[in-house]
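Each residue of the sequence shown is one higher than the last, beginning at 1493 in my numbering.
Backbone N, C-alpha and C fix where the C-beta goes; we use that ideal spot for every residue, glycine too.
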Amino acid sequence: MKARRQISLIIGLILVLMSFITITNDFVQANKSNSFSSQKFKPGAINVTTFKGIMPVTCFCGPDNAYDVIYDSLSKAQTSFYLEVYTLSSQPLVNALISAKNRGVEVIVLLSHDRVSGYEDAYTEEAAFRLYNAGIDVLWTNGTTFVYTHAKFWVVDHQLTFVYSGNWAPSSIPQSPEARKNREMGIIFNDTDVATYYENVFFDDFFISEPYNPVTGGTGDLQANETGGTYEHPFDPITITEYVEVTPVFSNDNSYELLSQLIQSANTSIDVELQYIKDDCDLLDDLIDAADRGVSVRVLIPEPDQANENVTQTLFSHGIAVRYFKGLGHNHNKFICVDGKLVSISSINWSQNSLYNNREAGAIVKNTNIADYFTSIFDFDWAKGEIPAGGGQPVTLISPQPSGIASGTYNFQASFTDNNYTSGELFIDATSVHTWNNPLGVVSVNIDTTTYSNGIHDISLIGQPENDSAIQVDAKFNIINTADWLLLITEIRFDANTEPDGEFFEIYNGFNFKVLIGSWKFTDNEDSYTILADTEIAAEEALIFARNDVTFATEMDDLGIPGATADIVYGDILLANSGDELIFQDPAEEIVDAVAWGSGSVSGVVSYSGSVSESQTLQRVPATQDTDDCSVDFIADTPTPGTITSTPPPTTSAPPTTTTEETSTELIPTGFISGFVISLALLTFLSISLITRFLWKKRK
């Protein structure tokens, strides 16, 4: 009886262990699967946090009032002053830091380990030398973690947080508000929680920085400040105490994510005042996307002096209003305002390096009065800005593009820039369909195109300036409302006798109406060919595109197809024999058809997998069938350029299929097998122990 109780106890223990191990294993697996989301941002002080509540916020700008505001923060500091900045060259500000140290304030300065220009190096090293000799902790930031430390923020007395667009130099913080120096913007948050957040980031950077070595400094010079000028300095700092929402922004941790979300959130307007925009900056794409969906966008930048910063024409082509900054020495600002209520103040330039490689600092702030203050500065600068010479059209039809396609309830978009317009009017087929009053930037209207016939239509846009003659833009576009898309690639020869000049392809218009295909494009994702403007394809017409019309005619004649003539010579695309793709796009670069074979690849399209000889072409049979499976839609056969097959190919009888009844297999729960194996091993061990003990007792 006692042995039986022992065995029952062991079995019960094993069952408990199996359940525990299974649950534990499931828990571990679940945590592993979710580990990515918990590490979305770097460990440490930086995480996406929005501070909400009533707090005093001070808005200021350079050159109007920045010096007084910043100098005041130094002179009134009582316990601590933590500064992280790219360059430090202002003699009066260096002296003010030393004065704060001398009256017992803890002063720590983090400076970028490297700078772009030599003169910035010399001045910053001299500033570091003087601060170090005054007993101030000076450190060079980590050059491995950051390409540059381009941030400009500081925290005073664990209470006040300053975020600024400018360096601590006379150009960004001139002593005289009349000095025609940089346009800058800054903001101060009077809140201990916000201060703690920025302070934690400061010390994260502090602990990976290198203490200043005095051997490397001491050039003897700093920059004296500006004491005069002719700038009217119309802006004073303001302090408001209202409900605000503050989201800290830092590169290289989260700046692209947060600024992209800010731009994407726009419903009506975006204003940006920037030092430059690099043509590969990811934020540029977000700005264009916003304009394309109807947001009114204004961009104020210095006139570009580098090719990769000249994005003016790109902006104009999307209906974005652009002006070149004039009136002050330089636009060093990095300002974004969305919908008149959200602003970004920061050190972040619009470049990939600034977003992803530098240490940058900023803040996104939600408050209408704060946005109004900074927008008034933007409007002042905008009014003094210069309209780029010859850049863009003052009245632009954005969508549909010429030769583009409108269908269903379509959003027609237009742009009115560079003039004060009293009205803008849209016409379809010479009939007015909508009027905008006092249009500015991108405007739009939804129109039901199903009330129009399918085919080519005229569109006109007329802008009436307040004090000038009307400006009219005319174009043609397609209205297509059909159940099936019937303008397709119907034949391709990619393996010719004479490579590549013997290659050709064909398109067929299966619609019963003409289609305007000027500015449409063919591409194989390597090269492309754009069809000439105003090109039309008639109903039930085929067009043959040949790489070389003479070679095409000769090789067709050799294959027993005399008199074949190419309609269009493209001459650019090389079609690979082993595998490639041919993609047909409209002016908006939307794919209208695509064919792939061999190793070629197009998302959503199955490639043709059969063999095609030099004497054959891929042919769509029937010509209007499109299942997106090229092995279903195409056959390999003798070329038939210009001849359309409207009936499907004959099919062979498929062998009888054997159906098998599916059996349901119940999945083994995660962790069960591992738990079972461990438990079985434990059971074996305990069983052997029990038997051994039983036999031992029996012997005794």
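- Take GLU2033, set aside five residues on each side of it, and the residues of its chain with a beta-carbon closer than 8 Å to its own are TYR2000 and ASN2001, in chain order.
- In the same chain as THR1688, and ignoring 5 residues on each side of it, no C-beta atom comes closer than 6 Å to its own.
- Under the three-state reduction of DSSP, VAL1597 is assigned to coil, being neither helix nor strand.
- Check the Cα spacing between ASN1946 and each of ALA2030, ASN1938, TRP1928 and PHE1997: the tightest is with ALA2030.
- A residue is called buried once 16 or more other Cβ atoms fall within 10 Å of its Cβ, and ARG1595, having fewer, is exposed.
- CA-CA distance, TRP1632 to GLN1583, rounds to 20 Å.
- Under the DSSP assignment, THR2046 falls in the alpha helix (DSSP H) whose first and last residues are 2041-2050.
- Here TRP1842 carries a strand assignment [DSSP, helix/strand/coil].
- For the pair of segments examined, the region 1727-1741 was found not to touch the region 1788-1798: the number of CB pairs separated by less than 8 Å stays below three.
- Between LEU1750 and ILE1869, the C-beta spacing is not below 8 Å.
- Remark: C-beta atoms of ASN1850 and THR1641 approach each other more closely than 8 Å.
- Where ILE1869 is concerned, the enclosing alpha helix (DSSP H) starts and stops at 1860-1876.
- Between the alpha carbons of THR2109 and TYR1913 lies a distance of about 56 Å.
- DSSP, reduced to helix, strand and coil, places LEU2024 outside both helices and strands of the structure shown, so it counts as coil.
- In this structure, ALA2128 keeps its C-beta atom at 8 Å or more from the C-beta atom of THR1982.
- With contact defined as three or more Cβ pairs closer than 8 Å, the region 1829-1846 and the region 1597-1615 are not in contact.
- In the same chain as ASP2041, and ignoring 5 residues on each side of it, the C-beta atoms closer than 6 Å to its own belong to ALA2058 and VAL2061, in chain order.
- The three-state reading of DSSP puts GLU1737 in strand, counting E and B together.
- The secondary-structure analysis by DSSP pairs GLN1798 with nothing; it has no beta-bridge partner.
- The alpha-carbon of VAL1655 is positioned some 52 Å away from that of ILE2009.
- Beyond the five residues adjoining it in sequence on each side, GLY1658 comes within less than 8 Å, by CB distance, of GLY1554, ALA1558, LYS1644, SER1664, ILE1665, ASN1674, GLU1676, GLY1678 and HIS1824 in the same chain, given in chain order.
- Taking the Cβ atoms as the reference, ASP1976 lies roughly 32 Å from SER2105, outside the contact range of under 8 Å.
- If you look at TYR2000, you'll find it in the beta strand (DSSP E) that goes 1996-2001.
- If only complete runs of 4 or more residues are kept, the region 1536-1597 shows the alpha helix (DSSP H) at 1558-1567 and 1583-1594, in order along the chain.
- Of all alpha-carbon atoms in VAL2124, PHE2003, ALA1853 and GLN1893, the one lying nearest the alpha-carbon of GLU2082 is that of GLN1893.
- The beta carbon of LYS1833 is closer than 8 Å to those of LYS1858, ASN1859, THR1860 and ALA1863 in its chain, skipping five residues each way along the sequence.
- Straight-line measurement puts the Cα of SER1936 at about 14 Å from the Cα of GLY1955.
- Here the alpha carbons of ASP1921 and ILE1897 stand approximately 15 Å from one another.
- Between ALA1661 and GLY1720 a beta carbon distance of about 17 Å is seen, past the 8 Å cut, so the two are scored as non-contacting.
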